[in-house]
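K.L.:
Residue numbers (our numbering), protein chains in the order written: chain U, 1 to 368; chain W, 1001 to 1228; chain E, 2001 to 2209. Beta carbons are placed, not taken as given, at the ideal position from N, Cα and C, and that holds for glycine. Treat the numbers as computed from the prediction; the structure is a model and nothing was measured. So that we are looking at the same thing, I have put the structure below in structure tokens.
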């Protein structure tokens, strides 16, 4: 658990980077520091492992004042991931990953075993261990960076815009990986980003900073989106605040209805017979592996299918509803196989209910 | 022109010019001795200075302008001055050559260290490496190519300038230049110049190969490898 | 150390300094005149680039003493010999730096010029050279300082300007002329460098802001 007490950082020349910060980051949680450039979020992060020294105030980690600890010992116990990954270009992936364990004097066997374990944890194939950083893609380099930070199994992980330098597709994948990792490892993560979507996605709690290093709001994502503290925060959250709120809701809140499926290459008579037997018009034609192909009816008409994964959010469901021609979205499981449908009405109802619950109104309806 | 070329080749073809106290082999040994020892001494002095300035960042002004100063210093002046003071010894030669080589090595060592990307130093510091560990495990390996290039440059300059030893009555290939001048023996002068040039080029190639061999593998192919 | 020596030889030192300046200016000037066309050629025709740079590098491996002595039979005991030798050395540095400077001009800028209808020559003069100026001037500074230092080596053929003081001191066993020679050479180098930096600033007003 990390606590900031009246921490200020003023640079010679007069700039106040962090202004009397009081903040408590909870153990086992991902605390996201967010704000535009120059708001002091990175400075705050770097004061935890004393890469930057505070001008005044105290920072304690598990009750111990970081200023009283030897800085190198402190840093060897904290994982640190930066934007360009900072991988040592002259060392192999393996050597990079095992840097801190070797600094701590672990024996060879233990280091090797740990390295293999880490490669698996971050999702890298074992053959990569002997490659050099320049032979890896941006996303792979970032994974190595995370593995390196986790090597000595530190309780705290500091991440400074770690996914900023990769393209959006890779970024989403890496975010997924981090969420999965957190579920397994439950580290205390402090994560800096300027991207509010990333903050909402990853954070258990979000701290919003404004220019001049002042903390404006510190709350859970739902609370933040539902009740921004002031106009600055509301503006920072942007115009899609309401929709983002839905990204916190899960598809599980929407009931799944059964759906009739028929094989994609089934002859017309089979299709007609199946429809008649079930007493419905539209069915989902599926591939051999169970993946949905299209909506089909007995007359041979077909319409495209909009899908949403079972583990998806209410926002994903709403997106699918808007793209679906039938007003029903097809739910698929992790392997992409059809697992039921949900009606447009049910999705919208769930979205409204979710919003009410978060905002705390009583779900009153306006009738005309 | 062609006549001169024939004369040079004839000079080299004469076996008498190869053996004996004034032979090519003897002079080569002397020239190599002056050059190698000076370069080594210069490296021993300059590397710590360059590394210290590069690691701490203090005194950068000195490092950047060192080469300029070294270039401006008239080596032949240094040689004659020290010669006057110390008399007939090799000190003038060695001091002058070391003074010549040190600035080039300092500047290049500093440049190499300064080129180490900031995020590498940041990451190393963030992982809890001490200054010493950062220096030897991260900064020096990454700066190695430029540092070695600096030593190479200095070595070539030293080889070319070691001809100065002959000015104060010592050996090396410079002997052929000055003796040839005194005896009005042009082929000898040319042979001397050619010998120095060949030695310089050969050394350059050898050191370049050494530089490649000593460059950490991860850095070597960076320019050739393109990744996604 | 006999201070009186310095006082008594002011005229001689002044004259030698002047000689030194003249030699340097002429040599670097000629170097520039020859280097420019060579460098532009190397820049335009990539295949010739390696050849031109390679040949000039070989000149560098010939020790200065040797070069002066070798030129003797052709041009005699005169300023010409010195200037030719010094020009050749300056060439090496200047060609390399001009080529590098031109190569450092961002291709986008060249493209923009082309798109606006600038011809090859106009692009070179109006766009590429000004942008390459910092690197070129760095080369001119290096060449100038190198020339100031190398001029003294020409003392072996009696044309060393300030270098003559070294020969003088060696012959007569006095340290004073040698010290004077070294000091004046260094002073000259510092002044020359400062002047050139000023020239560079004057020619590139856009870098001052």
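With 9 Å set as the bound, which would you pick, yes or no: does the beta-carbon of residue 11(U) sit closer than that to a beta-carbon of chain W?
P.N.:
Not an interface residue.
K.L.:
At the level of alpha carbons, what is the spacing between residue 2085(E) and residue 1120(W)?
P.N.:
46 Å
K.L.:
Since residue 350(U) is in the alpha helix (DSSP H), which residue starts that stretch and which ends it?
P.N.:
344–359
K.L.:
Of all Cβ atoms in chain E, is any one closer than 9 Å to the Cβ of residue 1140(W)?
P.N.:
no
K.L.:
So residue 1102(W) contacts chain E; which residues on that side make the cut at Cβ distance below 8 Å?
P.N.:
By Cβ distance, chain E contributes nothing, its closest Cβ being about 15 Å from residue 1102(W), past 8 Å.
K.L.:
In the DSSP output, which residue or residues are listed as bridge partners for residue 9(U)?
P.N.:
The partner list for residue 9(U) (beta bridge, DSSP) reads 18(U).
K.L.:
Please name the residues in the segment 1115–1127 of chain W whose beta-carbon is closer than 8 Å to at least one beta-carbon of chain U, in chain order.
P.N.:
Per Cβ criterion, the list reads 1117, 1119, 1120, 1122, 1123, 1124, 1125, 1126 and 1127.
K.L.:
Below 7 Å CB to CB, which residues in the same chain sit around residue 2243(E) once its five sequence neighbours on both sides are set aside?
P.N.:
Nothing can be reported for residue 2243(E), as the shown portion of chain E is limited to 2001 through 2209.
K.L.:
Run through chain W and tell me which residues come within less than 9 Å of residue 2152(E), C-beta to C-beta.
P.N.:
1074, 1075, 1076 and 1077
K.L.:
In its own chain, which residues sit with a C-beta less than 8 Å from the C-beta of residue 1094(W), not counting the 5 before and 5 after it?
P.N.:
Closer than 8 Å at Cβ, skipping near neighbours: 1034, 1037, 1038 and 1041.
K.L.:
Could you work out which residue in 329(U), 340(U) and 249(U) is closest to residue 352(U) when comparing CA atoms only?
P.N.:
249(U)
K.L.:
Fully enclosed by the segment 193–226 of chain U, which alpha helix (DSSP H) runs are 4 residues long or longer?
P.N.:
Segments of the alpha helix (DSSP H) lying fully in the segment 193–226 of chain U: 196–202 and 221–226.
K.L.:
In the DSSP assignment, find the alpha helix (DSSP H) that holds residue 2064(E) and state where it starts and stops.
P.N.:
For residue 2064(E), the enclosing alpha helix (DSSP H) starts and ends at 2064–2075.
K.L.:
If we cut at 9 Å on Cβ distances, does residue 1217(W) have a partner in chain B?
P.N.:
Here the protein chains are U, W and E, and chain B is not one of them.
K.L.:
Counting only runs of 3+ residues fully inside the segment 242–327 of chain U, write out the beta strand (DSSP E) ranges in chain order.
P.N.:
261–263, 283–286, 292–296 and 307–309
K.L.:
Can you give the Cα-Cα distance for residue 334(U) and residue 312(U), rounded to whole angstroms?
P.N.:
When the Cα atoms are used, residue 334(U) and residue 312(U) turn out to be separated by approximately 10 Å.
K.L.:
For residue 1225(W), does the three-state DSSP call read helix, strand or coil?
P.N.:
With a pLDDT of only 34 at residue 1225(W), under the threshold of 50, the placement of this residue in the model should not be trusted, and no figure is reported.
K.L.:
Which residues of chain W have a Cβ atom closer than 9 Å to the Cβ of residue 2136(E), listed in chain order?
P.N.:
Result: empty, since nearest Cβ-Cβ is about 17 Å, beyond 9 Å.
K.L.:
Taking 9 Å as the CB-CB cut-off, is residue 1022(W) touching chain E?
P.N.:
no
K.L.:
Residue 1061(W): buried (16+ other C-beta within 10 angstroms of its C-beta) or exposed?
P.N.:
exposed
K.L.:
Comparing the C-beta of residue 354(U) with each C-beta of chain W, is any distance below 9 Å?
P.N.:
Taking Cβ atoms only, chain W never reaches closer than 9 Å to residue 354(U), which makes this a no.
K.L.:
Return the chain-ordered list of same chain residues with a C-beta closer than 6 Å to the C-beta of residue 1195(W), the five sequence neighbours on each side being excluded.
P.N.:
1173
K.L.:
Do you know how far the Cα of residue 214(U) is from the Cα of residue 52(U)?
P.N.:
Computed Cα separation, rounded: 17 Å.
K.L.:
Pairing CB atoms from the segment 1079–1098 of chain W with CB atoms from the segment 2188–2208 of chain E, are three or more of them under 8 Å?
P.N.:
no
K.L.:
Just the C-alpha distance for residue 302(U) and residue 279(U), rounded to the nearest angstrom, thanks.
P.N.:
18 Å
K.L.:
Pick from 1139(W), 1126(W) and 1102(W): whose alpha carbon is nearest that of residue 1114(W)?
P.N.:
1139(W)
K.L.:
Just reading off the alpha helix (DSSP H) that residue 57(U) is part of, what are its end residues?
P.N.:
Here residue 57(U) belongs to no alpha helix (DSSP H); instead the beta strand (DSSP E) covers 56–61.
K.L.:
What residues in the segment 1186–1198 of chain W have a beta carbon less than 8 Å from any beta carbon of chain E?
P.N.:
Cβ contacts with chain E: 1186, 1189, 1190, 1192, 1193, 1196 and 1197.
K.L.:
Would residue 1176(W) and residue 1027(W) be called neighbours here (beta carbons separated by less than 9 Å)?
P.N.:
yes
K.L.:
If you run the structure through DSSP and keep just helix, strand and coil, what is residue 382(U)?
P.N.:
Outside the displayed span of chain U (1 to 368) sits residue 382(U), for which this structure offers no information.
K.L.:
For residue 2189(E), return the contacting residues in chain W, with the cut-off set at a CB-CB distance below 9 Å.
P.N.:
1068, 1069, 1071, 1072 and 1073
K.L.:
Quick one: is residue 2073(E) near chain W, going by C-beta distance under 9 Å?
P.N.:
yes
K.L.:
Checking 9 Å against the spacing of the C-beta atoms, do residue 1215(W) and residue 1145(W) come in under that value?
P.N.:
yes
K.L.:
Taking one C-beta from the segment 223–238 of chain U and one from the segment 75–92 of chain U each time, how about it: are there three or more such pairs within less than 8 Å?
P.N.:
Flag = no, the segment 223–238 of chain U and the segment 75–92 of chain U do not touch.
K.L.:
Tell me the rounded alpha-carbon separation between residue 2083(E) and residue 1137(W).
P.N.:
49 Å
K.L.:
Taking just the CA atoms, how far does residue 49(U) sit from residue 158(U)?
P.N.:
Using only the alpha carbons, I get a separation of about 9 Å.
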